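Letter by letter, the sequence shown follows residues 26 to 397 of the numbering used here. Positions of the beta carbon are idealized from the N, C-alpha and C atoms, including for glycine. Since the structure is predicted, the reported quantities are computational estimates derived from the model, not experimental observations.
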Amino acid sequence: MQAFFAARQASRCNFLKPDQRTADARGGHNGLICFATLVPPVVHAYYADHFILPLPEGHRFPMAKYGRLRERIAADLPQVRLGQALPVSDGELALVHTPVYISAIQHGTLSAAAQREIGFPWSPAMAERARRSVGATVQACRDAMAGQGLAANLAGGTHHAYADKGSGFCVFNDAAVAARLMQAEHARRHRAGGLLRVAIVDLDVHQGNGTARIFATDESVFTLSLHGARNFPFRKEPGDLDVELPDGTGDAAYLEALERALEELEQRFDPGLVIYLAGADPHEGDRLGRLKLSFDGLEARDRRVMDWAWQRRIPLAFTMAGGYGLDMEATVQVQVNTYRTALDYHRRWHGPPRPDGSATSAGEPRWHNAAP
Ligand SMILES: [Zn+2]
């Protein structure tokens with residue numbers, strides 16, 4: 026696995042400046058080996074916030090939070106390595122979305138009603154950013170499965186997008202496309218390795234209605250959503266496991282509900298990859314969330330999900346999903362805390378260096394052992 030890890034690192038050279046690379050035939054990627062193979066592992070996180078969406082003045086979507094999160098991570102968490110997300114192709118989007126919808130987003134032919142349902146006016150930057158936001162989740166999943174254990178998207182979690190339409194500030198469904206693409210790539214790599222099963226653990230305060238609908242008849246992807254019963258979307262789609270929470274739910278009740286949900290997930294499904302939507306909107310300072318989780322409660326939530334995956338050696342990619350704090354800094358703080366927790370679990374994946382200087386791996390990812 027170490028050789029595979031090194032090869033994946035070598036293909037991630039967009040993280041590094043040219044002078045950080047060194048020619049070395051052992052690297053196996055055009056003779057280059059990334060400096061990243063020589064330093065302790067870091068959490069890879071991908072961003073696309075530099076594609077600025079032109080929004081009308083006073084628009085209620087807090088677009089600035091993405092850039093602010095990147096600034097905070099760059100300043101406070103140097104062990105998170107930030108990389109620019111690449112766009113996904115039409116073919117990759119078509120694993121989930123209809124060609125008519127992909128074309129309408131690309132060419133700006135969405136109806137006014139369709140744009141209203143998404144909540145953003147169409148622009149070329151909107152189309153490009155949407156593709157890259159999906160690409161960020163795809164890259165995070167690839168890295169998590171290629172030996173990183175954990176990796177992230179600084180945006181994403183666009184779970185209200187259906188196959189044929191966007192909704193609720195979501196254009197394409199990043200987790201759905203990433204799940205299908207990881208299944209396809211896994212099948213190509215491990216012909217006798219069985220189907221990759223993916224669990225989407227959606228802890229944004231709103232139900233992942235688009236995701237639930239997309240995988241309604243697909244037994245290889247398990248959709249779990251904990252959400253506010255009275256929150257958008259008001260017509261919810263049945264997922265594999267939906268937990269509705271009353272207004273005002275606090276830390277203790279939420280964490281108990283999460284524990285029960287993870288137990289049920291364990292009984293019903295055996296994932297080889299977890300995609301975790303770590304929404305900041307269950308926070309008590311959120312404008313839309315209606316729940317009352319504290320910073321500590323949300324940190325305990327993140328820890329529980331990452332620990333659950335870690336204990337089972339299941340690679341985990343996480344995305345930020347929603348967050349609409351009355352104070353935007355509070356939303357960003359919840360998200361920064363998620364990255365702190367991820368760094369802790371990332372260290373567990375890789376463990377302390379061995380006395381001979383080689384890196385350790387705390388366990389083979391489960392997908393290596395997938396049954397035929
Ligand atoms: Zn949300």
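Exposed unless 16 or more other CB atoms sit within 10 angstroms - verdict on residue i
i: GLU244; result: exposed
i: GLY133; result: exposed
i: PHE259; result: exposed
i: TYR187; result: buried
i: ARG85; result: exposed
i: ALA99; result: exposed
i: TYR370; result: buried
i: LEU351; result: exposed
i: THR399; result: Here the chain comprises residues numbered 26 to 397, so residue 399 is not present and cannot be evaluated.
i: ARG255; result: exposed
i: HIS75; result: exposed
i: VAL125; result: exposed
i: PRO81; result: exposed
i: MET345; result: buried
i: ALA137; result: exposed
i: GLU96; result: exposed
i: ALA217; result: exposed
Chain-order list of residues whose beta-carbon lies under 6 angstroms from that of residue i (same chain, five-residue window excluded)
i: PRO79; result: SER148
i: SER250; result: ASP227, GLN232, GLY233, GLY264 and ASP267
i: GLN358; result: none
i: ALA355; result: GLY310
i: GLN104; result: VAL67 and LEU368
i: GLY83; result: none
i: ALA155; result: VAL196 and PHE197
i: ARG141; result: none
i: LEU135; result: ALA129 and TRP147
i: PRO378; result: Because the pLDDT of PRO378 is 49, which lies under 50, any placement of that residue in the model is unreliable, and the number read from its coordinates should be weighed accordingly. Within the same chain, PRO378 has no close Cβ partners at all.
Contact under 8 angstroms by Cβ, residue i with residue j
i: THR366; j: ARG337; result: no
i: ILE143; j: ASN198; result: no
i: ALA305; j: GLY348; result: yes
i: GLY322; j: ASP272; result: no
i: PRO307; j: LEU313; result: no
i: GLY182; j: LEU270; result: no
i: ARG373; j: TRP335; result: yes
7 angstroms CB neighbourhood of residue i in its chain, flanking five on each side removed
i: PRO296; result: ARG222, VAL223, ALA224, PHE247 and ILE339
i: PHE257; result: GLY193 and HIS231
i: PRO112; result: GLU153, ARG156, ARG157 and GLY160
i: LEU290; result: ALA224, PHE247, LEU249 and LEU266
Contact test: residue i Cβ vs ligand 3 heavy atom, cutoff 7 angstroms
i: TYR279; result: Judged by which ligands are present, ligand 3 is missing from the structure shown, whose ligands are ligand 1.
Closer than 8 angstroms to chain D by CB, residue i
i: GLY172; result: Chain labels in this structure do not include chain D; a single protein chain is all it has.
Proximal residues to residue i (C-beta, below 8 angstroms), its chain only, five neighbours per side dropped
i: ASN362; result: PHE320, LEU323, GLU324 and ASP327
* Measuring from each Cβ to the nearest heavy atom of ligand 1, keep the ones under 6 angstroms and list them in chain order. => In chain order, the hits are ASP229, VAL230, HIS231, GLY304, ASP306, ALA346 and GLY347.
* For the region 332-346 and the region 165-176, state whether three or more C-beta atom pairs, one from each stretch, are separated by less than 8 angstroms. => Three or more Cβ pairs closer than 8 angstroms define a contact, and the region 332-346 meets that threshold against the region 165-176.
* If we count Cβ pairs, one from each stretch, closer than 8 angstroms, do we get three or more for the region 110-123 versus the region 162-171? -> Contact between the region 110-123 and the region 162-171 is present: 3 or more CB-CB pairs across the two stretches fall below 8 angstroms.
* Asked: Taking three-plus beta-carbon pairs below 8 angstroms as touching, is the region 281-294 in contact with the region 203-211?
  -> Verdict: no, contact absent.
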